[in-house]
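J.:
Protein chains: 2
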Amino acid sequence: MQKLRVESFSISIDGFGAGPNQSMENPLGVGGEDLHQWFLPTKTFQQNVLGKSDGTTGVDNDFAEKGFKNIGAWILGRNMFSPYRGLPNLNWKGWWGKNPPYHVPVFILTNHRRESIEMEGGTTFHFVTEGIHAALERAFDSANGKDVRIGGGANVIRQYLNAKLIDEMHLAVSPILLGSGENLFLNTDLRSLGYKCTEHVYTDNATHLIIRK
Amino acid sequence: MQKLRVESFSISIDGFGAGPNQSMENPLGVGGEDLHQWFLPTKTFQQNVLGKSDGTTGVDNDFAEKGFKNIGAWILGRNMFSPYRGLPNLNWKGWWGKNPPYHVPVFILTNHRRESIEMEGGTTFHFVTEGIHAALERAFDSANGKDVRIGGGANVIRQYLNAKLIDEMHLAVSPILLGSGENLFLNTDLRSLGYKCTEHVYTDNATHLIIRK
Numbered sequence: 163m164q165k166l167r168v169e170s171f172s173i174s175i176d177g178f179g180a181g182p183n184q185s186m187e188n189p190l191g192v193g194g195e196d197l198h199q200w201f202l203p204t205k206t207f208q209q210n211v212l213g214k215s216d217g218t219t220g221v222d223n224d225f226a227e228k229g230f231k232n233i234g235a236w237i238l239g240r241n242m243f244s245p246y247r248g249l250p251n252l253n254w255k256g257w258w259g260k261n262p263p264y265h266v267p268v269f270i271l272t273n274h275r276r277e278s279i280e281m282e283g284g285t286t287f288h289f290v291t292e293g294i295h296a297a298l299e300r301a302f303d304s305a306n307g308k309d310v311r312i313g314g315g316a317n318v319i320r321q322y323l324n325a326k327l328i329d330e331m332h333l334a335v336s337p338i339l340l341g342s343g344e345n346l347f348l349n350t351d352l353r354s355l356g357y358k359c360t361e362h363v364y365t366d367n368a369t370h371l372i373i374r375k
Numbered sequence: 163m164q165k166l167r168v169e170s171f172s173i174s175i176d177g178f179g180a181g182p183n184q185s186m187e188n189p190l191g192v193g194g195e196d197l198h199q200w201f202l203p204t205k206t207f208q209q210n211v212l213g214k215s216d217g218t219t220g221v222d223n224d225f226a227e228k229g230f231k232n233i234g235a236w237i238l239g240r241n242m243f244s245p246y247r248g249l250p251n252l253n254w255k256g257w258w259g260k261n262p263p264y265h266v267p268v269f270i271l272t273n274h275r276r277e278s279i280e281m282e283g284g285t286t287f288h289f290v291t292e293g294i295h296a297a298l299e300r301a302f303d304s305a306n307g308k309d310v311r312i313g314g315g316a317n318v319i320r321q322y323l324n325a326k327l328i329d330e331m332h333l334a335v336s337p338i339l340l341g342s343g344e345n346l347f348l349n350t351d352l353r354s355l356g357y358k359c360t361e362h363v364y365t366d367n368a369t370h371l372i373i374r375k
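In the order they appear, the protein sequences are chains A and B.
Heads up: the first sequence runs through residues 163 to 375, numbered per the working numbering.
Heads up: the second sequence runs through residues 163 to 375, numbered per the working numbering.
1. Hey, how far is the Cα of Gly232(B) from the Cα of Arg240(B)?
2. Output needed in chain order: residues of the segment 168-186 of chain B with a Cβ under 8 Å from some Cβ in chain A.
3. So which residues on chain A does Phe347(B) lean against when the C-beta distance must stay under 7 Å?
4. What does Lys358(B) pair with, by DSSP beta-bridge criteria?
5. Using only the alpha-carbon positions, how far apart do Arg300(B) and Trp257(B) sit?
6. Specify, as a first and last residue, the run of the alpha helix (DSSP H) that Leu323(B) falls within.
7. What is the DSSP secondary structure of Met281(A), reduced to helix, strand or coil?
8. Hey, Ala226(A) and Phe207(A): beta-carbon distance below 8 Å or not?
9. In angstroms, rounded to a whole number, what distance separates the CA positions of Ala368(B) and Ile338(A)?
10. Between Gly220(A), Asn188(A) and Leu190(A), which has its C-alpha nearest Pro203(A)'s C-alpha?
11. In the segment 348-359 of chain B, which residues sit with their C-beta less than 9 Å from some C-beta in chain A, listed in chain order?
12. Under 8 Å: do the segment 323-339 of chain A and the segment 263-272 of chain A share three or more Cβ pairs, one atom per stretch?
13. Measure the CB-CB distance between Thr350(B) and Asp222(B) and report whether it falls below 8 Å.
14. Name, please, each residue of chain B whose Cβ falls closer than 8 Å to the Cβ of Leu339(A).
15. Does Arg353(B) come out as helix, strand or coil in the three-state DSSP assignment?
16. Drop a sphere of 10 angstroms on the beta-carbon of Asp303(A), count the other beta-carbons inside from all chains shown, and report buried for 16 or more, exposed for fewer.
17. Going by DSSP in three states, Thr291(B) sits in which element: helix, strand or coil?
18. Can you tell me where the alpha helix (DSSP H) with Arg240(A) in it begins and where it stops?
19. Please classify Gly284(B): is it buried, with 16 or more other beta-carbons within 10 angstroms of its beta-carbon, or exposed?
20. Tell me the rounded alpha-carbon separation between Glu280(A) and Pro182(B).
21. Among Phe178(A), Glu195(A), Asp176(A) and Gly177(A), which one has its Cα closest to the Cα of Ser185(A)?
22. Could you tell me the distance, in whole angstroms, from the CA atom of Lys358(B) to the CA atom of Arg353(A)?
23. I'd like to know if His362(A) contacts chain B, where contact means its C-beta is closer than 8 Å to some C-beta of that chain.
24. Residues in its own chain within less than 8 Å of Gly293(B) by CB, not counting five upstream and five downstream?
25. Could you give the DSSP three-state label for Phe225(B): helix, strand or coil?
26. Can you have a look at Ser244(B) and say buried or exposed, based on whether 16 or more other CB atoms are within 10 angstroms of its CB?
27. Distance, Cα to Cα, Val163(B) vs Gly193(A)?
28. State yes or no: is the beta carbon of Gly193(B) nearer than 8 Å to at least one beta carbon in chain A?
29. Between the C-alpha atoms of Phe377(A) and His332(A), what's the straight-line distance to the nearest angstrom?
30. For Gly313(A), which of Asp176(A), Arg247(A), Ile328(A) and His370(A) has the nearest alpha-carbon?
31. Based on Cα-Cα distance, which residue from Lys255(B), Ala235(B), Gly315(B) and Phe287(B) lies nearest to Gly307(B)?
32. According to the neighbour-count rule (16 or more other Cβ atoms, all chains shown, within 10 Å of its Cβ), is His295(A) buried or exposed?
33. Got a sec? Which residues, its chain only, sit under 6 Å from Gly229(B) by beta carbon, not counting five neighbours each side?
34. Check whether the Cβ of Ser304(B) lies closer than 8 Å to any Cβ atom in chain A.
35. Starting from the Cα of Arg275(B), find the closest Cα among Leu298(B), Asn253(B) and Phe289(B) and give me that residue.
36. Output yes if chain A places a C-beta closer than 8 Å to the C-beta of Ser215(B); else output no.
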């Protein structure tokens, strides 16, 4: 049974998955990088994203690593792909260079049509204008029986939560306050939607929570 | 220098300090008791509140115990004192019986005037209708140089945070989802107000956070 999973999604104590005012200089919004202090030193980030050979092991890395296992496609909100708003900048091909760390099809939710972009290393960016259900169907279809991972942002995760489509969500709560930005819990009553926290593990850097239906 | 402190305030992963629909049967709102699973077994709760002789020691109890140290007065919202709304029920003298666990003056923020009530064991309930600044001034004045503790709820804490009057806040984040109720972070941008998380300690039952200006 294919699952729709959120993995390694970092939020602040006050529930924000990114800071305010995303821009070229602040891809995660102002203060947003602080959310990821548990993730950046891990072997998984250092190897999969930066192409380096070192990095930490342990609980933080175990969660980071699990997030890449058995994933056949990704879904991203358009703000995760680009700092541009409105009509697409056709020169922009994501934050990640020629060989993005996905290596599978990536479906980007947007209001603006754009041709798919084939990148090196197996990543293809597809732009979906027909909404979250169409994106999920295409992602499941192209995932070769594997699971689909939602990368974010908070708004996209909320849409899928409110449609009760997410099977499992791993949150990493970082011990910081962001104050404003994209709140994961905004108008999203997880208890009424049938979600529960089924596991919690702590490290020095984050509280890892597993939330399931 | 007298401080205004929040201590042992429990919130859910999604930021709620109490569940919805507070009533006589659900003093902490529906689901709200689950917030306090870290606190209820501690020696501090068992002795100070229930008058028993046992209870757990360790990090959870250390935080619970600290919350009662050097406190000369309390401030509570009217929902913390009573399930009644509107004009006061003059027979109601709080949830805690004849000898409440405060043993100092307690100032209750309300819109309805009521005579002070002297209880056994040193607790006196005073009803303040002139707002948060008046309540704080009276609390500091009557605290004999000690600190003042805000017991809650979320709405009262938010008011004091937004006025930048809280010096130190200990939050215990319980690994549960409440979905709705009283959200501590609603319209309260702690980062812009100058607050930071300066300590974090984890136990099996909660993430303990210290937030300071």
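Heads up, the beta-carbon is just placed ideally off N, CA and C, and yes, glycines get one too.
T.: Straight from the coordinates:
1. Reading the sequence as shown, one finds Asn at residue 232(B) and not Gly. Near 24 Å, if we compare the C-alpha coordinates of Arg240(B) and Asn232(B).
2. Ile175, Asp176 and Gly177
3. Asp176 and Gly177
4. Arg374(B)
5. 23 Å
6. Ala316 to Asn324
7. coil
8. yes
9. 16 Å
10. Gly220(A)
11. Thr350, Asp351, Leu352, Arg353, Ser354, Leu355, Tyr357, Lys358 and Cys359
12. no
13. no
14. Leu352, Arg353, Tyr357, Lys358, Cys359 and Ile373
15. coil
16. exposed
17. coil
18. Arg240 to Phe243
19. exposed
20. 49 Å
21. Glu195(A)
22. 29 Å
23. yes
24. Leu271
25. helix
26. buried
27. Residue identity check: residue 163(B) is Met in the sequence provided, not Val. Distance between the alpha carbons of Met163(B) and Gly193(A) is about 32 Å.
28. yes
29. Since the first residue shown for chain A is 163 and the last is 375, residue 377(A) is missing from the structure and cannot be characterised.
30. Ile328(A)
31. Ala235(B)
32. exposed
33. Glu169 and Ser170
34. no
35. Phe289(B)
36. no
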